[in-house]
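A.B. asks: After the structure tokens below, expect a handful of questions from me.
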Amino acid sequence: MDGEQQRHPLLAGRYRLIDQLGSGGMGVVWRAVDELLDREVAAKEVRAPDHMREQDVRTLYARLKQEARAAARISHPNVITVHDVVEQEGRPWIVMEFVRGRSLAEILQHEGVLSPKEAAKVGSMVLQALRSAHSCGVLHRDVKPANVLLEPGGRVVLTDFGIALVEGSGTLTRTGDLVGSPDYLAPERALGERPGTPSDLWSLGATLYSAVEGVSPFRRTSALSTLQAVVQDDPPAPRRAGPLTPLLEGLLRKDPQTRMGSTEAQRLLDAVASGRLLTQPDWSRPEPAGYVPTAASAPTPPPPPAPA
17 MDGEQQRHPL
27 LAGRYRLIDQ
37 LGSGGMGVVW
47 RAVDELLDRE
57 VAAKEVRAPD
67 HMREQDVRTL
77 YARLKQEARA
87 AARISHPNVI
97 TVHDVVEQEG
107 RPWIVMEFVR
117 GRSLAEILQH
127 EGVLSPKEAA
137 KVGSMVLQAL
147 RSAHSCGVLH
157 RDVKPANVLL
167 EPGGRVVLTD
177 FGIALVEGSG
187 TLTRTGDLVG
197 SPDYLAPERA
207 LGERPGTPSD
217 LWSLGATLYS
227 AVEGVSPFRR
237 TSALSTLQAV
247 VQDDPPAPRR
257 AGPLTPLLEG
267 LLRKDPQTRM
277 GSTEAQRLLD
287 AVASGRLLTQ
297 PDWSRPEPAG
307 YVPTAASAPT
317 PPPPPAPA
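Just so we're on the same page, my numbering is the position in the sequence shown counted from 1, plus 16.
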């Protein structure tokens, strides 16, 4: 192996790994160059926890490849573009577009909270990404500030589809590990129940709460106490959310059957982002747990004010 290969190994005979962009959850993200098309890409190396049984690892990797291929079918400007799924040394790698920007988590850490209007703009684009994914039958399962990327030109990109799902017995703490941040998991997921589209909406609500309040609503001193808070505790009343307060209250309902649906959430986010004032949103009839948005259910603008 020559010096170039040692310093910059080649993945799948095509993608030259340059340097690490970050790590966390179950993998490491690399900046790479697609030598076939001469373009910069991001390559995520997926690594199962060391203590997982070999059979569970194989099942996990097979499911992750399936999820990545499903995500590759999503075509939306606010969804990360998946270019390829390859395997090397028995592990799957997911090759994605390279996004030049920072995560929402980095922005909150270094620059502070967003205004309700700024958070609504980000939330609107993330929700559009989720609705597009849901219409393709794809759940995200790990919506959180670290997976929301903001480009300098204003584009918002949701990344890491399907990475958070660990195949197991249905309990998230069976191995003592949680992939992702437990404070952004919906209560039904914390209880080991099957996730649905409302689970992603809960995570969006927790993400936007953090964006405007500066703290995660359910984070505690340990993963277990955090999960208990997710299941049992109400979030602290927002102090900075202003017109986003009804949205946060609606999305953070414990019962997915009574949680605010995506159509009403989109309407409210778009209204706050544009500076329009709305009356109390009507989400007394949330969409069912299995709801999948269609073109016919696209968000509608609020009615014009009555003439004086």
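Using N, Cα and C, we set each Cβ at its ideal position, and we do this for glycine too.
Let me check one thing: in DSSP terms, what residues is Lys60 bridge-paired to?
C.D. replies: Val45, Ile110
A.B. asks: Thinking C-beta only, is Leu120 closer than 9 Å to Val138?
C.D. replies: yes
A.B. asks: Indicate the three-state DSSP secondary structure (helix, strand or coil) for Val407 in the structure shown.
C.D. replies: It is not possible to answer for residue 407, since the shown part of the chain is limited to 17 through 324.
A.B. asks: State yes or no: is the C-beta of Ile110 within less than 9 Å of the C-beta of Cys152?
C.D. replies: no
A.B. asks: Assuming Val164 contacts Val129 (C-beta within less than 8 Å), just tell me the rounded distance between them.
C.D. replies: 14 Å between Cβ atoms; not a contact.
A.B. asks: Do Val159 and Ala206 have their C-beta atoms closer together than 9 Å?
C.D. replies: no
A.B. asks: Measure the alpha-carbon distance for Glu122 versus Val228 and round it to whole angstroms.
C.D. replies: 14 Å
A.B. asks: CB Ala136 to CB Ala253, shorter than 9 Å?
C.D. replies: Using a Cβ distance threshold of 9 Å, Ala136 and Ala253 do not count as a contacting pair.
A.B. asks: State yes or no: is the C-beta of His92 within less than 9 Å of the C-beta of Ala145?
C.D. replies: yes
A.B. asks: Go ahead and pull the three-state DSSP assignment for Ser238.
C.D. replies: coil
A.B. asks: So the beta strand (DSSP E) Gln144 belongs to, where does it begin and stop?
C.D. replies: For Gln144, no beta strand (DSSP E) segment is defined; the enclosing uninterrupted segment is the alpha helix (DSSP H) at 132-151.
A.B. asks: Drop a sphere of 10 angstroms on the beta-carbon of Asp250, count the other beta-carbons inside from all chains shown, and report buried for 16 or more, exposed for fewer.
C.D. replies: exposed
A.B. asks: Quick check: Glu51 and Tyr31, are their CB atoms within less than 9 Å of each other?
C.D. replies: yes
A.B. asks: Is it buried or exposed, Pro168, if we count other Cβ atoms within 10 angstroms and call 16 or more buried?
C.D. replies: exposed
A.B. asks: Which residues in the same chain have their Cβ closer than 7 Å to the Cβ of Leu264, if we skip the five residues on either side of it in sequence?
C.D. replies: Gly221, Leu224, Tyr225, Pro254, Ala257
A.B. asks: Got a sec, what are the start and stop residues for the beta strand (DSSP E) Gln104 sits in?
C.D. replies: 98-104
A.B. asks: Should the region 270-278 be regarded as contacting the region 234-243, the criterion being three or more beta carbon pairs within less than 8 Å?
C.D. replies: No: fewer than three Cβ pairs fall under 8 Å.
A.B. asks: Measure the alpha-carbon distance for Arg330 versus Arg147 and round it to whole angstroms.
C.D. replies: There is no way to answer for residue 330, as the model of the chain reaches only from 17 to 324.
A.B. asks: Would Val45 and Glu56 qualify as a contact pair, given that the criterion is a beta-carbon distance under 9 Å?
C.D. replies: no
A.B. asks: Just how far apart, CA to CA, sit His99 and Met112?
C.D. replies: 5 Å
A.B. asks: Rounded to the nearest angstrom, what separates Pro259 and Thr97 at their Cα positions?
C.D. replies: Approximately 32 Å, taken between the alpha carbons.
A.B. asks: Going by DSSP, what residue range makes up the alpha helix (DSSP H) through Val73?
C.D. replies: Taken as a continuous stretch (DSSP letters only), the alpha helix (DSSP H) holding Val73 covers 70-88.
A.B. asks: Of the residues Gly117, Ser219, Ser278, which one's Cα is nearest the Cα of Leu1?
C.D. replies: It is not possible to answer for residue 1, since the shown part of the chain is limited to 17 through 324.
A.B. asks: Answer yes or no: the CB of Glu103 versus the heavy atoms of the ligand FMN, is any distance below 8 Å?
C.D. replies: This structure lacks the ligand FMN; in fact it carries no ligand of any kind.
A.B. asks: Which one of His150, Val231, Thr242, His24 has the shortest CA to CA distance from Pro214?
C.D. replies: His150
A.B. asks: Grab me the residues of Ser39's own chain with a C-beta within less than 8 Å of its C-beta, minus the 5 sequence neighbours each way, in chain order.
C.D. replies: Val45
A.B. asks: In chain order, what residues of the same chain have a beta carbon less than 7 Å from the beta carbon of Thr261, not counting five sequence neighbours either side?
C.D. replies: Pro254
A.B. asks: Could you check the C-alpha separation between Gln248 and Ile34 for me, to the nearest Å?
C.D. replies: 45 Å
A.B. asks: State the start and end residues of the unbroken beta strand (DSSP E) segment that holds Leu174.
C.D. replies: 172-174
A.B. asks: Between Gly29 and the rest of its own chain, which residues show a CB-CB distance below 6 Å, the 5 nearest in sequence each way excluded?
C.D. replies: none
A.B. asks: Assign Asp249 to one of three DSSP states: helix, strand, or coil.
C.D. replies: coil
A.B. asks: Helix, strand or coil: which one does DSSP assign to Val154?
C.D. replies: coil
A.B. asks: Given a cut-off of 9 Å, decide if Ser290 and Leu217 are closer than it, judged by their beta-carbon atoms.
C.D. replies: No. Outside cutoff.
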